[in-house]
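Enquirer: Dropping the structure in here first, questions after.
Numbering (my numbering), first residue to last: 63 to 457.
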């Protein structure tokens, strides 16, 4: 058991959120009372507005202890909001996947509120706690998507496609932001504290988008060969404002989070590589239809286009490609049925959500019978960017 004190604190560098004090005394509390106190606190925190973290706070705060102080108050709040989002769904308790997700979040909330965060004696325990919560959440996307699909199928609930997709967008956006905070804290922490001792955390001040795309392509190409038996080819070209023709890959670097950029590009390339492998009638045809990756940038933005000649997407599919309701997870695919290449079938909507989190856009143009172009536009990390943590379902 632990006693919690609510004090006003600021964001990662010192903003305006409540945190457990590392000096709070430990008092014995009966288990039943402790659970009641934690549930009450979760309800209270869920009613408070989530504070979006600005890039200025991330770039200015490169001290793991300050980031941890912010996380210690903010992560429980974000868990509490998502618990409340589930609670407000009619008949959620009839869906095993939602019961599981809610139970996991309630357990993580408890762990986050009880873990100590002393700068010296308990900091390693805190790092281990947030890293464990992060790792244990790897099935949240599948379970939540399956759960909402089942809830959507209940005729008595009358949840529209629009409601479900917006609900999942809000739910997963909070997850992305929470993961970013945890990743930054763990990356900054010292090795002996269980961290990675990276001076700027997950922000790379010399991020090379072309190199990120090349490595993502190598990985996606390997997955495609393993799971389809075919190895599509690809090209990567780099263009820079004010210069003529393709440029060497290392000529333009900027501040960004390469791990999130890599995630988006891998998801896009898995789709293109798989479609190209399955639609090519021969090995010769496969080699003559490379997936083309174009990286373009100026001082303020980076644009990436992924183009394939894999037959395109029928127009009648429409915006369903951006829906969580039509992938493998929504269809209730088992863990055994998913592969690293196919995933849960929600790669596109999640990639678009990551792009939005980074202040950018992800759009798709399809040419039935020919192929598909996907366009990713991202602003170079700037101080005025801030998380958008609006939760429509709780308004």
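No residue lacks a Cβ here, since even glycine has one placed at the ideal position from N, Cα and C.
Predicted model, so just to flag it, every value in this text is computed and none were measured.
Does DSSP classify residue 342 as helix, strand or coil?
Expert: It is coil, neither helix nor strand.
Enquirer: With the cut-off set at 8 Å, would you say residue 438 and residue 417 are in Cβ contact?
Expert: Against a cut-off of 8 Å, the Cβ pair of residue 417 and residue 438 comes out as a contact.
Enquirer: Between the C-alpha atoms of residue 370 and residue 209, what's the straight-line distance to the nearest angstrom?
Expert: About 33 Å.
Enquirer: So, helix, strand or coil for residue 215, using DSSP?
Expert: If DSSP states are grouped into helix, strand and coil, residue 215 belongs with the helices.
Enquirer: In the structure shown, what three-state DSSP assignment does residue 315 receive?
Expert: DSSP places residue 315 in coil when its eight states are reduced to three.
Enquirer: In three-state DSSP terms, what is residue 424?
Expert: DSSP places residue 424 in strand when its eight states are reduced to three.
Enquirer: By Cβ distance below 7 Å, which residues in the same chain neighbour residue 414 in space, the five residues on each side in sequence not counted?
Expert: Here the set comprises 384, 424.
Enquirer: Mind reading off the beta-carbon distance from residue 315 to residue 268? Whole number of angstroms is fine, and I expect it under 8 Å.
Expert: Indeed they touch by this definition, with Cβ atoms about 4 Å apart.
Enquirer: Roughly how many angstroms lie between the CA atoms of residue 429 and residue 275, to the nearest whole one?
Expert: Residue 429 and residue 275: Cα-Cα distance of roughly 23 Å.
Enquirer: Would residue 221 and residue 214 be called neighbours here (beta carbons separated by less than 8 Å)?
Expert: Yes. Within cutoff.
Enquirer: Residue 178 and residue 188 - do their beta-carbons sit closer together than 8 Å?
Expert: The answer is yes: Cβ separation under 8 Å.
Enquirer: What alpha helix (DSSP H) runs, 4 residues minimum, are completely inside the stretch 218 to 276?
Expert: DSSP runs (the alpha helix (DSSP H)) wholly in the stretch 218 to 276: 223 to 250.
Enquirer: Identify whether residue 286 lies in helix, strand or coil by the three-state DSSP scheme.
Expert: Residue 286: helix per DSSP, three-state reduction.
Enquirer: Give the secondary structure of residue 125 by DSSP, where H, G and I count as helix, E and B as strand, and everything else as coil.
Expert: Residue state, collapsed to three classes: coil.
Enquirer: Would you mind stating whether residue 192 and residue 164 have Cβ atoms separated by less than 8 Å?
Expert: Against a cut-off of 8 Å, the Cβ pair of residue 164 and residue 192 comes out as no contact.
Enquirer: Can you grab the Cα-Cα spacing for the pair residue 131 / residue 240, in whole Å?
Expert: Using only the alpha carbons, I get a separation of about 14 Å.
Enquirer: From this set, 101, 197, 347, which residue's C-alpha is nearest residue 245's C-alpha?
Expert: Of the candidates 101, 197, 347, the one whose C-alpha sits nearest the C-alpha of residue 245 is 197.
Enquirer: Going by beta carbon distance, what residues of the same chain come within less than 8 Å of residue 308, once the five residues before and after it are set aside?
Expert: Excluding sequence neighbours, residue 308 sits near 299, 300, 301.
Enquirer: Should residue 85 go down as buried or exposed, given a rule of 16 or more other Cβ atoms within 10 Å for buried?
Expert: Note that residue 85 scores 46 on pLDDT, short of 50, meaning its location in the model is unreliable; the coordinates nonetheless yield the value given after this. So residue 85 counts as exposed.
Enquirer: Quick check on this structure: which residue in 201, 235, 137 has the alpha carbon closest to the alpha carbon of residue 453?
Expert: Looking at the Cα atoms, 235 is the closest of the given residues.
Enquirer: Have a look at residue 441 and residue 260 and give me their C-alpha separation to the nearest angstrom.
Expert: Computed Cα separation, rounded: 23 Å.
Enquirer: Considering residue 435, what are the terminal residues of the beta strand (DSSP E) in which it resides?
Expert: Run containing residue 435: 433 to 441, per the beta strand (DSSP E) assignment.
Enquirer: Per DSSP, which residues does residue 370 bridge with? Please list them.
Expert: Residue 370 is bridged to 434.
Enquirer: For residue 174 and residue 142, I'd like the C-alpha separation in whole angstroms.
Expert: Residue 174 and residue 142: Cα-Cα distance of roughly 11 Å.
Enquirer: Apart from the five residues on each side of it in sequence, which residues of its chain come closer than 6 Å, Cβ to Cβ, to residue 206?
Expert: 163, listed in sequence order.
Enquirer: Note the first and the last residue of the continuous alpha helix (DSSP H) segment covering residue 359.
Expert: Run containing residue 359: none in the alpha helix (DSSP H); it sits in the beta strand (DSSP E), 353 to 359.
Enquirer: Assign residue 232 to buried or exposed, taking buried as 16 or more other Cβ atoms, counted over all protein chains shown, within 10 Å of its Cβ.
Expert: Burial call: buried.
Enquirer: Considering only C-alpha positions, which residue in the set 319, 271, 386 is nearest to residue 310?
Expert: Residue 271 is the option with its Cα nearest to residue 310.
Enquirer: Taking only the alpha-carbon atoms, compute the straight-line gap between residue 249 and residue 443 and give it to the nearest angstrom.
Expert: Each residue's alpha carbon lies about 18 Å from the other.
Enquirer: Tell me where the beta strand (DSSP E) around residue 299 begins and ends.
Expert: Per DSSP, residue 299 belongs to the beta strand (DSSP E) from 296 to 302.
Enquirer: Please name the residue, chosen from 111, 373, 121, that lies closest to residue 347 on a Cα-to-Cα basis.
Expert: For residue 347, the nearest C-alpha among the options comes from 373.
Enquirer: Would you mind reading off the limits of the alpha helix (DSSP H) that contains residue 415?
Expert: Residues 409 to 419.
Enquirer: Go ahead and pull the three-state DSSP assignment for residue 134.
Expert: Correct three-state label for residue 134: helix.
Enquirer: Which term fits residue 216, buried or exposed, when burial requires 16 or more other beta carbons within 10 angstroms of its beta carbon?
Expert: Residue 216 should be labelled exposed.
Enquirer: Output the distance between the C-alpha atoms of residue 400 and residue 366, rounded to the nearest integer angstrom.
Expert: Roughly 28 Å separates the two Cα atoms.
Enquirer: Please report the straight-line C-alpha distance between residue 356 and residue 150, rounded to a whole angstrom.
Expert: Cα-Cα distance, rounded: 44 Å.
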